[in-house]
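Residue numbers (this note's numbering), protein chains in the order written: chain A, 7 to 124; chain B, 75 to 189.
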């Protein structure tokens, strides 16, 4: 069955520290997509990245980087030189080809609350 | 900010009542999905609408129903409210033609409290 696990419930760091958020997923599909979303206190989920199952290249976007490893079913997210504005709940999500690929259903993990202290 | 707007922002209802939540999708998007996010949990998929029809549903009872209108906006209706229905309800819009795994844009949510 499809599942996303974010084992870290809460992480607290001091500004300028690097932090890695872990994500492990389960799926029987060979074609799938993985996502990271950020949820600030306002509640809106902000899209950060999407990666398909055939692309294992790591990606860097400014202070953010993502490490996708199919061998360990992991899609980890690293923030370099964290800032107070990075404080939020971060969700990892999985999208599989269900309903003939017609449904864009996201399966979310339980989220990791990141607190960056000044 | 995304172009997805939800109303109302907050709502308090009594157990047994019915509630309607509304969502306007981002310009150019023709698919709307609804999610329920209980406190401290990740969002759970309720259903998706395209061409005014439901074309995917999560593990939610029939008292959760929806509508999509010709302008792609959508409503989520919940009948016979239960205390456990208290949650943040999120609407997401996307483009059907892009298929599964396409980027979905979320609204700010409606916080429903059932007392």
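Cβ coordinates follow ideal geometry from the N, Cα and C atoms, glycine included.
Can you pull the chain A residues whose beta carbon is under 9 Å from the beta carbon of residue 115(B), in chain order? 114, 116 and 117
Under the rule that 16 or more other beta-carbon atoms within 10 Å means buried, what is residue 159(B), buried or exposed? buried
Note down, one range per segment and in chain order, each beta strand (DSSP E) of at least 3 residues found wholly within the stretch 53 to 80 of chain A. 65 to 67 and 70 to 75
Reduced DSSP category for residue 189(B) - H, G, I as helix; E, B as strand; rest coil: coil
Could you compute how far the alpha carbon of residue 138(B) sits from the alpha carbon of residue 103(B)? 23 Å
Applying the criterion that 16 or more other CB atoms from any shown protein chain within 10 Å of the CB defines a buried residue, is residue 105(B) buried or exposed? buried
Between residue 119(A) and residue 16(A), is the Cβ-Cβ spacing less than 8 Å? yes
Given a limit of 9 Å on CB to CB distance, which residues of the stretch 68 to 85 of chain A reach chain B? none
Could you name the residues of chain A that residue 138(B) contacts, counting a contact when the two beta carbons are closer than 9 Å? The premise fails here: residue 138(B) is roughly 15 Å from chain A at the closest Cβ pair, so nothing lies under 9 Å.
Give a single yes or no on whether residue 7(A) has its beta carbon closer than 7 Å to a heavy atom of the ligand SAH. The ligand SAH is absent from the structure shown, which contains no ligands of any kind.
For residue 147(B), list the residues DSSP reports as bridge partners. Note: residue 147(B) sits in no beta bridge, so no partner.
Contact between the stretch 89 to 96 of chain B and the stretch 141 to 151 of chain B: three or more CB pairs below 8 Å? yes
Beta-carbon proximity check, residue 90(B) vs residue 121(B), cutoff 8 Å: no
What residue range is occupied by the uninterrupted beta strand (DSSP E) comprising residue 166(B)? 161 to 168
Is the stretch 108 to 118 of chain A close to the stretch 62 to 75 of chain A, with three or more CB pairs under 8 Å? no
Tell me the DSSP secondary structure of residue 171(B) in three-state form. helix
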